[in-house]
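**Q** Dropping the structure in here first, questions after.
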Amino acid sequence: MDLDVITNILYATIRTGTPLLLVALGEMVCEKSGTLNLGQEGMMLLGAVAGFITMYQCDNLFIGFTVAALVGVMASLIFAFVALNLNASQVAAGLALTIFGTGLSAFLGADYEGKTINALPTLAIAGFEHIPVLGKALFSQDAIVYLSWSLVLGAYLFFKYHRAGLAVRAIGENPSVGNNLGLPVMRTRYLAVMFGGALAGIAGAYLSLAYTPLWTQNMTAGRGWIALALVVFASWRIERVMLGAYLFGFASIMHLVAQAFGLAVDSNLLAMLPYGATLIVLIMLSKNKQKLKMYEPMWLGKPWHKGH
Amino acid sequence: MKKLITTLGVALSLCISASATAKDNVKVGFVYVSPIGEAGWTYTHDVSRQYLEDKFGDKIETTFVESVPEGADAERVITQLAKSRHDLIFTTSFGYMNPTLKVAKRFPNVKFEHATGYKRAKNVSTYFDRIYEGRYLTGVIAGHMSKTDSIGYIAAFPIPEVIRGINAFTLGLRSVKPNAKVKVVWVNSWFDPGKEREAADSLIDQGVDIITQHTDSPAPLQAAEAAGIYAIGYHSDMSGYGKKAHLTAAVHHWDEFYADRVQQVLDDKWQSQDIWKGIGSGMTRLAPLSKDIPSDVVSEVNAISEKIGKGEFHPFTGPIKNQQGELVIEAGKTIDDKTLLGMDFYVEGVEGQLK
Numbered sequence: 029m030d031l032d033v034i035t036n037i038l039y040a041t042i043r044t045g046t047p048l049l050l051v052a053l054g055e056m057v058c059e060k061s062g063t064l065n066l067g068q069e070g071m072m073l074l075g076a077v078a079g080f081i082t083m084y085q086c087d088n089l090f091i092g093f094t095v096a097a098l099v100g101v102m103a104s105l106i107f108a109f110v111a112l113n114l115n116a117s118q119v120a121a122g123l124a125l126t127i128f129g130t131g132l133s134a135f136l137g138a139d140y141e142g143k144t145i146n147a148l149p150t151l152a153i154a155g156f157e158h159i160p161v162l163g164k165a166l167f168s169q170d171a172i173v174y175l176s177w178s179l180v181l182g183a184y185l186f187f188k189y190h191r192a193g194l195a196v197r198a199i200g201e202n203p204s205v206g207n208n209l210g211l212p213v214m215r216t217r218y219l220a221v222m223f224g225g226a227l228a229g230i231a232g233a234y235l236s237l238a239y240t241p242l243w244t245q246n247m248t249a250g251r252g253w254i255a256l257a258l259v260v261f262a263s264w265r266i267e268r269v270m271l272g273a274y275l276f277g278f279a280s281i282m283h284l285v286a287q288a289f290g291l292a293v294d295s296n297l298l299a300m301l302p303y304g305a306t307l308i309v310l311i312m313l314s315k316n317k318q319k320l321k322m323y324e325p326m327w328l329g330k331p332w333h334k335g336h
Numbered sequence: 146m147k148k149l150i151t152t153l154g155v156a157l158s159l160c161i162s163a164s165a166t167a168k169d170n171v172k173v174g175f176v177y178v179s180p181i182g183e184a185g186w187t188y189t190h191d192v193s194r195q196y197l198e199d200k201f202g203d204k205i206e207t208t209f210v211e212s213v214p215e216g217a218d219a220e221r222v223i224t225q226l227a228k229s230r231h232d233l234i235f236t237t238s239f240g241y242m243n244p245t246l247k248v249a250k251r252f253p254n255v256k257f258e259h260a261t262g263y264k265r266a267k268n269v270s271t272y273f274d275r276i277y278e279g280r281y282l283t284g285v286i287a288g289h290m291s292k293t294d295s296i297g298y299i300a301a302f303p304i305p306e307v308i309r310g311i312n313a314f315t316l317g318l319r320s321v322k323p324n325a326k327v328k329v330v331w332v333n334s335w336f337d338p339g340k341e342r343e344a345a346d347s348l349i350d351q352g353v354d355i356i357t358q359h360t361d362s363p364a365p366l367q368a369a370e371a372a373g374i375y376a377i378g379y380h381s382d383m384s385g386y387g388k389k390a391h392l393t394a395a396v397h398h399w400d401e402f403y404a405d406r407v408q409q410v411l412d413d414k415w416q417s418q419d420i421w422k423g424i425g426s427g428m429t430r431l432a433p434l435s436k437d438i439p440s441d442v443v444s445e446v447n448a449i450s451e452k453i454g455k456g457e458f459h460p461f462t463g464p465i466k467n468q469q470g471e472l473v474i475e476a477g478k479t480i481d482d483k484t485l486l487g488m489d490f491y492v493e494g495v496e497g498q499l500k
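Chains as they are written, first to last, in my numbering: chain A, 29 to 336; chain B, 146 to 500.
Following this line, the structure appears as structure tokens:
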């Protein structure tokens with residue numbers, strides 16, 4: 029195997045992992061505040077279709093991604109209102125959002141099936157892209173990949189060092205205590221849900237504007253659900269969410285590369301690899317139950333209202 | 146009393162429909178498995194539906210339902226169409242087989258045409274095209290256009306229909322370049338643009354210089370266009386997705402077949418049948434060839450196409466060796482339809498393992 033192949037595998041791994049990373053990161057922040065939003069898949073699809081339609085109409089990628097993020101936020105607000113204000117079951121509200129998003133995106137996008145647009149170009153970082161092996165993989169990606177990295181770093185610092193980050197975590201552990209401390213529980217949860225919506229929207233648009241620049245119904249193909257699982261298996265830790273997303277991306281790529289190499293392995297077995305490998309690694313990482321408890325938001329998925 | 150009248154009414158209407166010989170107009174329904182879009186399997190059927198509208202004018206009324214999942218939903222949709230007085234219903238996906246038969250039993254006066262299936266009834270026909278003949282021709286084109294003699298083939302599921310296509314393509318390819326190789330990547334999905342794209346990219350990394358596919362999305366074509374290599378589409382003309390990359394595509398063409406069937410319903414001559422036709426009937430075709438293909442190659446392809454159409458040449462003519470190099474079909478003999486329909490081995494020249 030020559031170096032070019034390794035470079036290309038790494039490059040493709042990051043591209044494949046990026047939409048997962050974005051959605052999972054958004055969901056993790058949302059869950060940290062104690063809110064479980066199962067609407068990721070629906071919000072991604074809405075973001076994908078909104079981004080694509082906008083791009084097709086205005087031919088501006090920045091506006092395309094911005095609209096996708098806004099549509100993601102709007103969709104998440106529906107969930108937030110139902111789950112947080114009306115105290116409906118978060119699981120049911122999230123599932124409803126996914127079903128709604130799948131249907132609405134198919135409806136809105138019906139006229140845009142089969143249209144083509146200019147894909148998001150890659151942005152090489154001058155000087156770095158020529159580093160052997162890692163240059164192309166790390167420094168010749170597109171803007172959304174760099175955005176995902178800065179968001180990961182930002183979220184890590186936010187939860188570790190910023191007061192507001194601690195407040196989000198406190199509210200996720202026990203909103204009543206947070207409320208007694210004078211923390212704005214509702215506002216924090218709303219913002220966390222909206223952040224999750226924005227990232228799901230961008231992740232969806234990444235699929236329809238960069239990864240495969242086209243719109244078709246259900247093009248997320250279950251990636252929102254995989255991201256949800258990643259958050260749990262990564263035990264709500266940012267660095268593990270990132271690891272999990274890329275691991276999944278890597279295994280998905282290897283499934284295809286191994287075949288292109290003509291490796292004599294059953295393709296059905298290879299197709300299982302991304303799920304199997306990611307599960308095994310993340311389960312091994314989170315086998316310490318005590319530690320797992322430490323990171324899991326205690327109030328996750330439970331309704332809460334003032335005076336609870 | 147009311148009951149009696151209804152019964153009489155039903156008996157009368159049955160009488161009328163049974164005694165009717167020729168019809169003035171016909172109502173035709175279509176059930177599609179995916180959205181119509183601008184390319185792909187469903188698109189080819191809808192093109193022909195519009196052809197029917199144009200051809201029969203006010204003698205025909207067509208309706209279609211798109212994105213109908215295979216299974217219980219399909220049964221509901223097909224029942225709905227049968228109930229709303231459609232005379233002829235085309236159910237255009239393999240998974241509609243059992244629902245179609247079930248509904249057909251309840252509506253013996255409605256005619257059904259099920260694409261790609263193998264179960265028939267008195268009022269249920271089946272039809273499909275010999276797309277492998279088109280695959281063979283695209284293989285010949287690939288043989289002339291490839292410089293690395295290595296072609297990438299993105300495939301959905303290892304079922305006979307897909308394997309037949311891969312083998313036909315490979316035989317066509319190796320009729321020009323006896324040592325050329327076809328690298329197959331299974332994505333285990335009919336439609337996943339992301340996976341198809343990555344499969345195409347990893348094949349391109351492996352040095353293939355033409356990509357072809359037996360999946361439904363145009364993502365492989367986009368990958369080829371981005372990498373500056375050639376691609377061969379499937380189902381319908383996909384040149385809109387990669388103007389430079391698109392060499393041609395093996396396409397289905399239902400116009401004449403659909404028109405015949407509608408005419409037969411109008412004349413009350415429709416009968417259940419099993420159709421599997423190819424280039425000869427025009428059911429299988431090639432999309433317009435790219436300008437990059439030299440004219441001598443074009444005429445060679447046309448000549449082979451004509452021979453296939455006339456039945457003078459069969460793409461699966463021996464000697465054919467399997468992947469292990471064992472002789473499967475002796476020189477001069479051809480593979481029969483039964484073997485073709487159950488094809489479960491790779492021919493020589495295909496890389497990768499078939500489970």
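Just so it is clear, CB atoms sit at the ideal spot from N, CA and C, and this is done for glycine as well.
If you're wondering where the values come from, they're calculated on a predicted model, not measured in any experiment.
Is it buried or exposed, B:L485, if we count other Cβ atoms within 10 angstroms and call 16 or more buried?
**A** For the purposes of this step, residue 485 of chain B is taken as residue 340 along the second sequence, with counting starting at 1. Buried, by the Cβ-count rule.
**Q** Flag B:D382 as yes if its beta-carbon sits less than 8 Å from any beta-carbon of chain A, otherwise no.
**A** Taking the first residue of the second sequence as 1, we reach residue 382 of chain B at position 237. No - not a single Cβ of chain A is within 8 Å of the one on B:D382.
**Q** Rounded C-beta distance between A:L82 and A:G92? I'm assuming under 8 Å.
**A** Here residue 82 of chain A corresponds to residue number 54 of the first sequence, with the count starting at 1. Here residue 92 of chain A corresponds to residue number 64 of the first sequence, with the count starting at 1. Per the sequence presented here, residue 82 of chain A reads as Thr, with Leu not at that position. The Cβ separation is near 5 Å, so the contact holds.
**Q** Spatial neighbours of A:H190 within its chain, please: CB distance less than 6 Å, with the 5 preceding and 5 following residues excluded, ordered by chain position.
**A** Within the first sequence, the letter at position 162 stands for residue 190 of chain A. Closer than 6 Å at the Cβ level, and outside the excluded window around A:H190, lies no residue.
**Q** Do you know offhand how far B:A163's Cα is from B:V255's?
**A** The residue labelled residue 163 of chain B in the question sits at position 18 within the second sequence. The residue labelled residue 255 of chain B in the question sits at position 110 within the second sequence. For B:A163, the pLDDT reaches just 45, beneath the cut-off of 50, and the residue's location in the model is therefore unreliable, although a value from the coordinates is still provided. Taking the straight line from one Cα to the other gives about 12 Å.
**Q** Go to A:H283, then tell me how far its alpha helix (DSSP H) extends in each direction, as first and last residue.
**A** Numbered from its first residue, the first sequence carries residue 283 of chain A at position 255. Note, A:H283: alpha helix (DSSP H), 266–288.
**Q** Under 8 Å between beta-carbons, which chain A residues line up against B:A266? List them in chain order, please.
**A** For the purposes of this step, residue 266 of chain B is identified with residue 121 of the second sequence, where counting begins at 1. Correct list: empty, because the minimum Cβ distance to chain A is about 32 Å.
**Q** Tell whether a beta-carbon distance below 8 Å holds between B:A368 and B:D346.
**A** What you label residue 368 of chain B is simply residue 223 of the second sequence in a count that begins at 1. What you label residue 346 of chain B is simply residue 201 of the second sequence in a count that begins at 1. Yes, the pair counts as a contact, with Cβ atoms nearer than the cut-off.
**Q** What would DSSP say about B:G373, mapped onto helix, strand or coil?
**A** On the second sequence, residue 373 of chain B is found 228 positions in, with the first residue counted as 1. Three-state DSSP puts B:G373 in coil, outside helix and strand.
**Q** Please name the residue in A:I42, A:A97, A:A138 whose C-alpha comes closest to that of A:W243.
**A** Translated into positions along the first sequence, residue 243 of chain A becomes position 215. For the residues A:I42, A:A97, A:A138, the minimum Cα distance to A:W243 belongs to A:A138.
**Q** Could you please give the first and the last residue of the uninterrupted alpha helix (DSSP H) stretch that includes B:Q225?
**A** Mapped onto the second sequence, residue 225 of chain B falls at position 80. It spans 217–228 - the alpha helix (DSSP H) in which B:Q225 sits, taken as one unbroken run.
**Q** Relative to the C-alpha of A:S133, which residue among A:A273, A:Q245, A:S280 is closest?
**A** The residue labelled residue 133 of chain A in the question sits at position 105 within the first sequence. For the residues A:A273, A:Q245, A:S280, the minimum Cα distance to A:S133 belongs to A:Q245.
**Q** What is the DSSP secondary structure of B:R275, reduced to helix, strand or coil?
**A** Start at 1 with the first residue of the second sequence, and residue 275 of chain B comes out as number 130. DSSP places B:R275 in coil when its eight states are reduced to three.
**Q** Decide yes or no for the touch test of the segment 347–361 of chain B against the segment 290–309 of chain B: beta carbon pairs closer than 8 Å, at least 3 of them.
**A** Taking 8 Å as the limit for Cβ pairs, the verdict is that the segment 290–309 of chain B does touch the segment 347–361 of chain B.
**Q** Cβ atoms of A:G290 and B:K483: under 8 Å apart, would you say?
**A** Counting from one through the second sequence, the residue named residue 483 of chain B turns up at place 338. Counting from one through the first sequence, the residue named residue 290 of chain A turns up at place 262. No, the Cβ-Cβ distance between B:K483 and A:G290 is not below 8 Å.
**Q** Going along chain A in order, which residues have a C-beta closer than 7 Å to the C-beta of B:S435?
**A** Reading the second sequence from its first residue, position 290 is the one you call residue 435 of chain B. Within chain A, no residue comes near B:S435; the closest Cβ sits about 18 Å away, beyond 7 Å.
**Q** Would the segment 219–239 of chain B count as touching the segment 172–180 of chain B if we require 3 or more Cβ pairs under 8 Å?
**A** Enough Cβ pairs lie closer than 8 Å, so yes.
**Q** Would you say B:S238 faces chain A, with C-beta separation under 8 Å as the test?
**A** The count along the second sequence starts at 1 and reaches residue 238 of chain B at position 93. By this cut-off, B:S238 is not an interface position.
**Q** Are at least three pairs of beta-carbons, each pair with one atom in the segment 247–259 of chain A and one in the segment 155–170 of chain A, less than 8 Å apart?
**A** Judged by Cβ distances under 8 Å, the segment 247–259 of chain A makes no contact with the segment 155–170 of chain A, as fewer than three pairs qualify.
**Q** Per DSSP, what kind of secondary structure is B:G378 in: helix, strand or coil?
**A** Here residue 378 of chain B refers to the residue found at position 233 of the second sequence. The answer is strand: DSSP assigns B:G378 an E or B state.
**Q** Taking a Cβ distance cut-off of 9 Å, strictly less, list which residues of the segment 317–334 of chain B are near chain A, in chain order.
**A** Here the close residues are K326, K328, V329, V330, W331, V332, N333, S334.
**Q** Whose Cβ in chain A lies nearer than 7 Å to the Cβ of B:Y386?
**A** As a position in the second sequence, residue 386 of chain B is number 241, starting the count at 1. Neighbours of B:Y386 on chain A, chain order: T144.
**Q** Measure the C-alpha to C-alpha separation of A:T150 and A:V173 and round it to an integer number of angstroms.
**A** Along the first sequence, read from residue 1 onward, the residue named residue 150 of chain A stands at position 122. Along the first sequence, read from residue 1 onward, the residue named residue 173 of chain A stands at position 145. Each residue's alpha carbon lies about 10 Å from the other.
**Q** Reducing DSSP to helix, strand and coil, say where A:W327 ends up.
**A** Counting from one through the first sequence, the residue named residue 327 of chain A turns up at place 299. Residue state, collapsed to three classes: coil.
**Q** At a Cβ threshold of 8 Å, is A:L284 touching chain E?
**A** Among the protein chains in the structure shown, which are A and B, there is no chain E.
**Q** For A:R43, name the three-state secondary structure that DSSP assigns.
**A** Translated into positions along the first sequence, residue 43 of chain A becomes position 15. The answer is helix: DSSP assigns A:R43 an H, G or I state.
**Q** Inspect the beta-carbon positions of A:A97 and A:A226 and report whether they are closer than 8 Å.
**A** Locating residue 97 of chain A in the first sequence gives position 69, counting from the first residue. Locating residue 226 of chain A in the first sequence gives position 198, counting from the first residue. Yes, these two residues count as a Cβ contact at 8 Å.
**Q** Specify the secondary structure class of B:K264 as computed by DSSP and reduced to three states.
**A** Indexing the second sequence from 1 puts residue 264 of chain B at position 119. B:K264 falls in the coil class under three-state DSSP.
**Q** List, in chain order, every chain A residue whose beta-carbon is nearer than 7 Å to that of B:P363.
**A** Mapped onto the second sequence, residue 363 of chain B falls at position 218. Neighbours of B:P363 on chain A, chain order: L242.
**Q** Would you please verify whether the beta carbon of B:S212 is less than 8 Å from any beta carbon of chain A?
**A** Translated into the one-based positions of the second sequence, residue 212 of chain B becomes position 67. True, the Cβ-Cβ gap to chain A drops below 8 Å.
**Q** What does a CB cutoff of less than 8 Å around B:K452 pick up in its chain, not counting 5 residues either side in sequence?
**A** For the purposes of this step, residue 452 of chain B is identified with residue 307 of the second sequence, where counting begins at 1. These residues qualify, in order along the chain: F458.
**Q** Could you say which of B:N324, B:A395, B:P338 lies nearest to B:T357 if we only look at CA atoms?
**A** In the second sequence, residue 357 of chain B corresponds to position 212, counting from 1. Measuring from the Cα of B:T357, the nearest candidate turns out to be B:A395.
**Q** In the segment 179–198 of chain B, which residues sit with their C-beta less than 9 Å from some C-beta in chain A, listed in chain order?
**A** If the cut-off is 9 Å between Cβ atoms, the segment 179–198 of chain B has S179, P180, I181, G182, E183, A184, G185, Y188 near chain A.
**Q** Under 8 Å between C-beta atoms, does A:A288 make it to chain B?
**A** Here residue 288 of chain A refers to the residue found at position 260 of the first sequence. Closer than 8 Å: yes.
**Q** Kindly say whether A:Y84, judged by its beta-carbon, lies nearer than 8 Å to any beta-carbon of chain B.
**A** On the first sequence, residue 84 of chain A is found 56 positions in, with the first residue counted as 1. Not an interface residue.
**Q** If the cut-off is 9 Å on Cβ atoms, which residues from the segment 131–158 of chain A count as contacting chain B, listed in chain order?
**A** Cβ contacts with chain B come from A134, G137, A138, E141, G142, K143, T144, A147.
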